[in-house]
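As structure tokens, the structure follows; a few thoughts come after it.
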Amino acid sequence: MNRIGFIGTGSMGSILIESLLSAKALTPGHVIISNRTPAKAQQLAEKHPGLIVAHSNADLAKEAITIVLCVKPLEYSVMLEQIAPALTPDHLLITITSPIKLADLESQVPCAVARVVPSITNAVMSGVSLCEFGSRIQEEQRQFIRSLFAHISSPIEISEPFLRITSDIVSCGPAFISYILQQMIQEAVEETGISAEAATYMTTQMLIGIADLLREEAFTLPTLQKRVCVPGGITGEGLIPLQDGIPGLFAQVFRRTQAKFAEDQELVARNLNNQPH
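Going letter by letter, the sequence shown gives residues 7 to 283 in the working numbering.
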């Protein structure tokens, strides 16, 4: 197996590396990493003996044919300038960030490019990863990417027009749901005096139980709601304020994420286009 390089070992970069190692999709000796702060890459290597730390992004690009780009969008210009001299048409670049357009990335490099948007759920080999492929991708590369990420997720191929909304659901969704559940816990404590620890434990177990029901296909979301909410019952009474307050809320969420996404795309495109060739 050719070495796979990871540029950036921050939050999501380290999650991907550790998940792929844990799933035995990769072995430490086949992974080479680099980070803007070398000590962070070294710490990850100490946790996983055999992991190779590159001296620089340029050195990594010389050693790895497949490179996963896990840096922040506005760091792409400098990072690409560093690795450009080592890139060949045989390389494959995989970006995990959404604001950078694949066509813009292709304009900066001689090789095939793809996008894989991960989710924090991939840390436990669960959830979805979103795959978008550039115009130079060969079928063998497409299958390689899908096969690699199938070890830690369910890869789904998406097209650019649906990149933001799918990312909102898959990648941002855990934060949205976490916030809602924290509000449920906090207001349970304030209204009744139940301990935060007890409310948190029960809410967590409830969520795990729902996930198991859905995974086993015992229920869909609508049938689950219908089964719990019997006519004239307490659950139905509790749903009334939710029915009054929640419809339209996520429309606002998605409008804001779409607007921020468009702003970030423009900023990243300007940043890339100012890069010297």
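Glycine is no exception: its CB is placed at the ideal position from the N, C-alpha and C atoms.
Of the choices SER160, VAL77, GLY238, THR72, whose alpha-carbon is the least far from that of ARG9?
Here residue 9 refers to the residue found at position 3 of the sequence shown. Ranking SER160, VAL77, GLY238, THR72 by Cα distance to ARG9 puts THR72 first.
Just mark LEU220 as buried or exposed, buried being the case when its beta carbon has 16 or more other beta carbons within 10 Å.
As a working note, residue 220 is residue 214 in the sequence shown. Exposed.
Just curious, the alpha helix (DSSP H) that GLU193 is in, first and last residue?
Sequence index remark: in the sequence shown, residue 193 carries index 187 (1-based). Unbroken alpha helix (DSSP H) run through GLU193: 179–198.
DSSP puts LEU136 in a beta bridge; with which residues?
The residue given as residue 136 occupies position 130 in the sequence shown. In DSSP, LEU136 forms a bridge with VAL123, ILE162.
Would you decide whether ILE246 is buried or exposed? Buried here means 16 or more other CB atoms lie within 10 Å of its CB.
Stepping through the sequence shown from its first residue, residue 246 is reached at position 240. ILE246 counts as exposed, since fewer than 16 other C-beta atoms from the protein chains shown sit within 10 angstroms of its C-beta.
Look up THR72 in the DSSP assignment and say whether it is helix, strand or coil.
Residue 72 sits at position 66 when you count from the first residue of the sequence shown. The DSSP-derived three-state label of THR72 is strand.
Taking Cβ to Cβ, would you say LYS68 is nearer than 7 Å to ALA92?
Position 62 of the sequence shown, counted from the first residue, corresponds to residue 68. Position 86 of the sequence shown, counted from the first residue, corresponds to residue 92. Going by C-beta atoms, LYS68 is nearer than 7 Å to ALA92.
For the structure I just gave you, are there three or more beta carbon pairs, one from the stretch 118–128 and one from the stretch 77–93, closer than 8 Å?
Verdict: no, contact absent.
Tell me ILE175's beta-bridge partners as DSSP assigns them.
Walking along the sequence shown from the start, residue 175 turns up at place 169. The partner list for ILE175 (beta bridge, DSSP) is empty, contrary to what the question assumes.
So what does DSSP say about GLY244, is it helix, strand or coil?
For the purposes of this step, residue 244 is taken as residue 238 along the sequence shown, with counting starting at 1. Taken through DSSP and simplified to helix, strand or coil, GLY244 comes out as helix.
If we ignore side chains and look at the alpha-carbon of each, how far apart do HIS283 and GLN114 end up?
Within the sequence shown, the letter at position 277 stands for residue 283. Within the sequence shown, the letter at position 108 stands for residue 114. With a pLDDT of 46 at HIS283, under the threshold of 50, the modelled position of this residue cannot be trusted; read the value that follows with caution. If I take the Cα positions, the gap works out to 8 Å.
Is the separation between the beta-carbon of LEU98 and that of GLY11 shorter than 7 Å?
Reading the sequence shown from its first residue, position 92 is the one you call residue 98. Reading the sequence shown from its first residue, position 5 is the one you call residue 11. Result no, Cβ atoms of LEU98 and GLY11 do not sit closer than 7 Å.
Going by C-alpha to C-alpha distance, which of ALA257, THR94, ALA202, LEU273 sits closest to LEU187?
Counting from 1 along the sequence shown, the entry for residue 187 is found at position 181. Among ALA257, THR94, ALA202, LEU273, the Cα nearest to that of LEU187 is on ALA202.
Thinking THR15 and ALA47 are a contact (beta carbons under 8 Å), I'd like their distance in whole angstroms, please.
The sequence position of residue 15 within the sequence shown is 9, counting from 1. The sequence position of residue 47 within the sequence shown is 41, counting from 1. Their Cβ separation, rounded to whole angstroms, is 5 Å, which keeps THR15 and ALA47 in contact under 8 Å.
In the structure shown, what three-state DSSP assignment does GLY251 receive?
Position 245 of the sequence shown, counted from the first residue, corresponds to residue 251. It is helical.
Compare the C-alpha of GLN271 against each of LEU22, SER173, ASP110, SER20 and name the closest.
Your numbering for residue 271 matches position 265 in the sequence shown. Taking each of LEU22, SER173, ASP110, SER20 in turn and checking the Cα distance to GLN271, the smallest one comes out for ASP110.
Grab the span of the alpha helix (DSSP H) containing GLY11 for me, first residue to last.
Stepping through the sequence shown from its first residue, residue 11 is reached at position 5. From DSSP, GLY11 is part of no alpha helix (DSSP H) but of the beta strand (DSSP E) over 10–13.
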